[in-house]
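J.: Provided herewith is a single structure, encoded as structure tokens, for subsequent inquiry.
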Amino acid sequence: MAWLYLVLAGLSEIVWAFGLKESHGFTMLGWSLLTALFLIISFGLFARAMQEIPIGTAYAVFTGIGAAGTAIVGILFLNEAAGIFKILSLVVLISGIIGLKLVDGKEAN
């Protein structure tokens, strides 16, 4: 269940990051409220996930999902550039997130 919380926290981070952009410096009330709501949801889920997942892994996955997801949202919805190196970098980042999940709990203590 902790991994589900962590993924949802990362996805929530994408929402608040997009909302932060759309709030135009917290000058748009609706977007500002949405951003604040998803900040709370994101960090609440992240804190819940860290009860079972080591902090290093949890933080790397949380920020990785947020960073990759926000970059993809920027490409798809905000007309940000999507060059080959950006796409390759996103693939490497997502591969790292998947790799962290695959090795979770498999290291010797």
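Note that my numbering has the sequence shown beginning at 141, numbered continuously upward. Every residue, glycine too, gets a C-beta built ideally from N, C-alpha and C.
From the DSSP output, in three-state form, read off residue 163 for me.
T.: Note: residue 163 maps to coil in three-state DSSP.
J.: Are residue 198 and residue 189 close, meaning C-beta to C-beta below 8 Å?
T.: Taking 8 Å as the Cβ cut-off, residue 198 and residue 189 qualify as a contacting pair.
J.: Residue range of the alpha helix (DSSP H) that residue 239 falls in?
T.: Run containing residue 239: 224-243, per the alpha helix (DSSP H) assignment.
J.: Do residue 208 and residue 230 count as a contact pair if the criterion is CB distance below 8 Å?
T.: Yes, they are a contact pair.
J.: Measure the Cβ-Cβ separation of residue 156 and residue 182 and say whether it is below 8 Å.
T.: In contact: residue 156 and residue 182 (Cβ atoms closer than 8 Å).
J.: Smallest Cα separation from residue 218: which of 145, 179 and 161?
T.: Ranking 145, 179 and 161 by Cα distance to residue 218 puts 161 first.
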